[in-house]
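Colleague: Take the sequence shown: its letter number 160 is residue 160 in UniProt numbering, and every next letter is one higher.
Provided herewith is a single structure, encoded as structure tokens, for subsequent inquiry.
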Amino acid sequence: MNTFRLLLLSMSVALMGCQDEKPQEASVDEAPLEIEADSTLQEAPLVAAIDKAELVSNEQPSNQEAWSGTFTGTLPCADCPGIDTTLVLSEDNTYTLEQHYQEKGEAPIRTEGLLSWNDTGDTVTLLGEHAPNQYHFSDMMLTKLDMNGEKITGDLAELYQLSKQE
């Protein structure tokens, strides 16, 4: 009986230690995007005013002309034929992302924000976007990465690419 009580007590202590405690951070009001049937385009609000220099990495790819511009493609969708995607990366380290879910009859979703490059200058993160929000830059293409920031592999890998428009 004592072994059972000791086991029960140990499990209770272990479960109490699993609580998700988040560090104190400045909160950002993120209003959900509402899409109206009669509108042609909705804009999601930018995250709160943030010091751009504080968030944006200085490790941009050396050739700004290569990575800045408009990238387009159709990304896979779980419940529709695809997501028509246009991503504009600007030289001032901002982005505009427009996504249209095919055959949903809804207006495109448009978000804007800051972008940040990783230390090697080959992966861009769209700040203020929900994960997955990273793209790998190579050969004038952006490849959407998975939730862990890894390249998607397998038969569908090439479906996650956005091509640069001239």
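Every residue, glycine too, gets a C-beta built ideally from N, C-alpha and C.
Since the structure is predicted, the reported quantities are computational estimates derived from the model, not experimental observations.
Between D139, T85, V124, F137, which has its C-alpha nearest T74's C-alpha?
Modeller: Taking the sequence shown and counting its residues from 1, one reaches residue 74 at position 74. For the residues D139, T85, V124, F137, the minimum Cα distance to T74 belongs to T85.
Colleague: Based on the DSSP secondary-structure assignment, which residues constitute the bridge partners of I83?
Modeller: For the purposes of this step, residue 83 is identified with residue 83 of the sequence shown, where counting begins at 1. Paired residue(s): L75, Y101.
Colleague: Is the beta carbon of L145 less than 8 Å from the beta carbon of Y135?
Modeller: Sequence index remark: in the sequence shown, residue 145 carries index 145 (1-based). Sequence index remark: in the sequence shown, residue 135 carries index 135 (1-based). In contact: L145 and Y135 (Cβ atoms closer than 8 Å).
Colleague: Helix, strand or coil for L159? Go by DSSP, reduced to three states.
Modeller: Numbered from its first residue, the sequence shown carries residue 159 at position 159. DSSP places L159 in helix when its eight states are reduced to three.
Colleague: Here's the rule: buried if 16 or more other CB atoms are within 10 angstroms of the residue's CB, otherwise exposed. What is Q102?
Modeller: Walking along the sequence shown from the start, residue 102 turns up at place 102. Exposed, by the Cβ-count rule.
Colleague: Quick one: using the 10 Å Cβ neighbour count with 16 as the cut-off for buried, is N148 buried or exposed?
Modeller: For the purposes of this step, residue 148 is taken as residue 148 along the sequence shown, with counting starting at 1. By the 10 Å Cβ count, N148 comes out exposed.
Colleague: Do you know how far the Cα of G105 is from the Cα of S138?
Modeller: Numbered from its first residue, the sequence shown carries residue 138 at position 138. Numbered from its first residue, the sequence shown carries residue 105 at position 105. Near 33 Å, if we compare the C-alpha coordinates of G105 and S138.
Colleague: S90 lies in the beta strand (DSSP E); which residues open and close that run?
Modeller: Counting from one through the sequence shown, the residue named residue 90 turns up at place 90. No beta strand (DSSP E) contains S90, which DSSP labels as neither H nor E.
Colleague: Which partner residues does L127 have in the DSSP bridge list?
Modeller: Start at 1 with the first residue of the sequence shown, and residue 127 comes out as number 127. None, per the DSSP bridge assignment.
Colleague: Between which two residues does the beta strand (DSSP E) harbouring M141 extend?
Modeller: Stepping through the sequence shown from its first residue, residue 141 is reached at position 141. Its beta strand (DSSP E) spans residues 141 to 144.
Colleague: Hey, quick one: how far does the beta strand (DSSP E) through S68 stretch, first residue to last?
Modeller: Stepping through the sequence shown from its first residue, residue 68 is reached at position 68. It is not in any beta strand (DSSP E) - S68 carries neither H nor E in the DSSP assignment.
Colleague: Quickly, what does DSSP pair Q134 with across the bridge? List them, please.
Modeller: Within the sequence shown, residue 134 is the residue found at index 134, counting from 1. Partner(s): T125.
Colleague: Express the C-alpha separation of Y95 and G69 in angstroms, rounding to a whole number.
Modeller: Translated into the one-based positions of the sequence shown, residue 69 becomes position 69. Translated into the one-based positions of the sequence shown, residue 95 becomes position 95. Each residue's Cα considered, the two are about 10 Å apart.
Colleague: Just how far apart, CA to CA, sit L87 and L142?
Modeller: Here residue 87 refers to the residue found at position 87 when the sequence shown is read from its first residue. Here residue 142 refers to the residue found at position 142 when the sequence shown is read from its first residue. Near 9 Å, if we compare the C-alpha coordinates of L142 and L87.
Colleague: Would the beta-carbon of E98 fall within 8 Å of that of G113?
Modeller: As a position in the sequence shown, residue 98 is number 98, starting the count at 1. As a position in the sequence shown, residue 113 is number 113, starting the count at 1. The answer is no: Cβ separation not under 8 Å.
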